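Colleague: Below you'll find the structure I mean.
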Amino acid sequence: MKFGVVQFPGSCDERDTVLACEKVGEAQLLWHADPDLHASDAIVIPGGFSYGDYLRVGAIAQFSPVMESVIDFAADGGPVLGICNGFQVLCETGLLPGALLPNTGLRFICRQVQLEVVNAETQFTRAMTAGEQISIPAKHTTGRYYAPGIAEEQIVFRYATGENPNGSQDDIAGVVNEAGNVMGLMPHPEHAVDELTGGSTDGLKIFESMALALA
Amino acid sequence: MKARVLIRPKAGILDPQGVAVERALPALGFEGVTNVHVGRLVELEIEDQSQLDALCQKLLANTLIEDFEVELL
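Chains H and C, in that order, give the protein sequences.
Adding 2 to a residue's 1-based position in the first sequence gives its number in the working numbering.
Adding 1449 to a residue's 1-based position in the second sequence gives its number in the working numbering.
Here it is as C-alpha cells:
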C-alpha cells in the first residue's frame, strides 16, 4: 500500500510521518498546491504549523488544492489520518466534528502521554485491543478538544487518568468521523516508531492497523 | 467599503487568555475587573458587501467556538 503524506508550508512532521509509514508500506509526500493524490491508498495530514497557524490553527490549510482532493477521497471512503495540526485541519474542513482550542494552561506542552484505546474496532486501531494503553509524545499549544454532543463510539483514544495535558473534553485525545474512515488525534504516533528516539514503538500500531485494513 | 469584523470566544467556552489577563490585573493594582475575554479584530475592504457574512462563516470565524460581529465603516 502507498501512503500519501501532505506537506503544507509550515508542516514540520512530514519526514517522520513518511519514515513511520515506510515501516509498514510505501510513502510519498504530497505538496499542498498539487491536487493530485498520486494514487495514494491512504492519506496522512501531519503535524506542524500549516500556513503559520495564521488566523486560527488549520483554518487556511482547509482551502488548499490538495485538501479539496482529500475531502473527495474521504467522501469515497478513503482512509485519512490527521495528527496534531492535521487533526486541527480535519476539524476545520468539517471531515471531523469539533474544534481544537488553546490548552487550558496556555502553555506549549511537550511530553510523553499515556493514551487508552477506547475503540479498537476502527481501521486505525485494529492492531490494538480496547483498554490497552499506549505511550506516545504530545507537543502542542492548541489541543483542547471541544465537540459538544460527540457520540461515544466516535471516541478512539482518551488520555489515561491524570494524563490530560490540555483540558480536552472528557479526556478525548482522538476521534473518528461517523463513517469511521477519518481519524484525528493530537499526540504523535509517528514520533514513537523507533526505540532509539521515540521512547516507545507504540505509535507504529496505528500505521500497522491502517496497513492491515487495506491488506 | 471598509468593514471591521470582531471575533470573540463563544460564551460558556473557557477562554484561558481572558482568564490570564483578568488574573494579571490585580497584581498591577487594577481591582474589580471581571469577565475579560480576548478575541480578534479583522479589518478589510470589500467590493461586494453581501459576501461579508459568508466569508466570516467560512473563514474568519469558526462558529462552533466563536461569535462574530460585522461593523461597516
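Ideal Cβ positions, reconstructed from N, Cα and C, are used throughout, including at glycine.
Here the structure is a predicted model, which is why all the values come from computation and not from measurement.
1) According to DSSP, is Y53 (chain H) part of a helix, a strand, or is it coil?
2) Does the segment 92-102 of chain H come close enough to the segment 49-63 of chain H that 3 or more CB-CB pairs lie under 8 Å?
3) What ranges does the beta strand (DSSP E) occupy inside the segment 118-166 of chain H, keeping only unbroken runs of at least 3 residues that lie completely in it?
4) Note down, in chain order, each residue of its chain lying with its Cβ closer than 6 Å to the Cβ of E118 (chain H), except the 5 sequence neighbours on either side.
5) What residues are listed by DSSP as bridge partners for M185 (chain H)?
6) Going along the chain, which residues of its own chain have a beta-carbon closer than 7 Å to the beta-carbon of R1489 (chain C), five neighbours each way excluded?
7) Looking at chain C, is there any beta carbon in it that lies within less than 8 Å of the beta carbon of T106 (chain H)?
8) From the DSSP output, read off the bridge partner residues of C112 (chain H).
9) When you compare only the Cα positions, how much space is there between L1501 (chain C) and E16 (chain H)?
10) Would a check of beta-carbon distances place A153 (chain H) closer than 8 Å to chain C?
11) In three-state terms, what does DSSP make of E1471 (chain C)?
12) Short of 6 Å in beta carbon distance, which residues of its chain neighbour Q116 (chain H), apart from the five on each side in sequence? Order them along the chain.
13) For the beta strand (DSSP E) containing D1516 (chain C), list its first residue and its last residue.
14) Only counting the same chain, and skipping five residues up and downstream in sequence, which positions put a Cβ closer than 7 Å to that of Q1506 (chain C)?
15) Looking at the ligand ATP, does it come within less than 7 Å of G1461 (chain C), judged from the CB to the closest heavy atom?
16) Does the beta-carbon of K207 (chain H) have 16 or more other beta-carbons within 10 angstroms, so that it is buried, or is it exposed?
17) Please list the residues of the segment 90-115 of chain H that have a C-beta atom closer than 8 Å to any C-beta atom in chain C, keeping them in chain order.
18) Measuring only the C-alpha atoms, how far is I152 (chain H) from L1508 (chain C)?
19) So for P67 (chain H), helix, strand or coil by DSSP?
20) Nearest chain H C-beta to A1503 (chain C) closer than 8 Å, yes or no?
21) DSSP state of I1456 (chain C), grouped into three classes?
22) In chain order, what residues of the same chain have a beta carbon less than 7 Å from the beta carbon of T203 (chain H), not counting five sequence neighbours either side?
23) Looking at the unbroken beta strand (DSSP E) that takes in V7 (chain H), where does it start and where does it end?
24) Select from the segment 43-60 of chain H all residues with a C-beta closer than 8 Å to any C-beta belonging to chain C, and list them in chain order.
25) Just verifying my parser: in three-state terms, what is the DSSP assignment at K25 (chain H)?
26) Scan the segment 137-150 of chain H for residues whose Cβ lies nearer than 7 Å to a Cβ of chain C and list them as they occur along the chain.
27) Taking the CB atoms as reference points, tell me whether H142 (chain H) and M185 (chain H) lie closer together than 8 Å.
28) Indicate the three-state DSSP secondary structure (helix, strand or coil) for L31 (chain H) in the structure shown.
29) Relative to chain H, which residues along the segment 1462-1496 of chain C have a C-beta separation below 9 Å, given in chain order?
30) Have a look at the DSSP bridge pairing and note the partners of E1494 (chain C).
Modeller: This is what the structure holds:
1) helix
2) yes
3) 135-142, 146-148, 157-161
4) Closer than 6 Å at Cβ, skipping near neighbours: Q135, R160, A162.
5) H:L83, H:V178
6) I1456
7) yes
8) H:K141
9) 35 Å
10) no
11) helix
12) Q135, S137, A162, E165
13) Segment 1515-1521, the beta strand (DSSP E) holding D1516 (chain C).
14) T1512
15) Looking for the ligand ATP in the displayed structure turns up nothing, as the structure carries no ligands at all.
16) buried
17) Listed by position, the residues of the segment 90-115 of chain H near chain C (Cβ gap below 8 Å) are E94, G100, A101, L103, P104, N105, T106, G107, L108.
18) Between the alpha carbons of I152 (chain H) and L1508 (chain C) lies a distance of about 23 Å.
19) helix
20) no
21) strand
22) Here the set comprises A194, V195, D196, E197.
23) 4-9
24) The residues in question are L57, R58.
25) coil
26) In summary, the residues of the segment 137-150 of chain H whose CB is separated from some CB of chain C by less than 7 Å are Y148, in the order they occur in the chain.
27) no
28) Three-state result, L31 (chain H): strand.
29) I1462, L1463, D1464, P1465, Q1466, V1468, A1469, R1489, V1491
30) C:K1451
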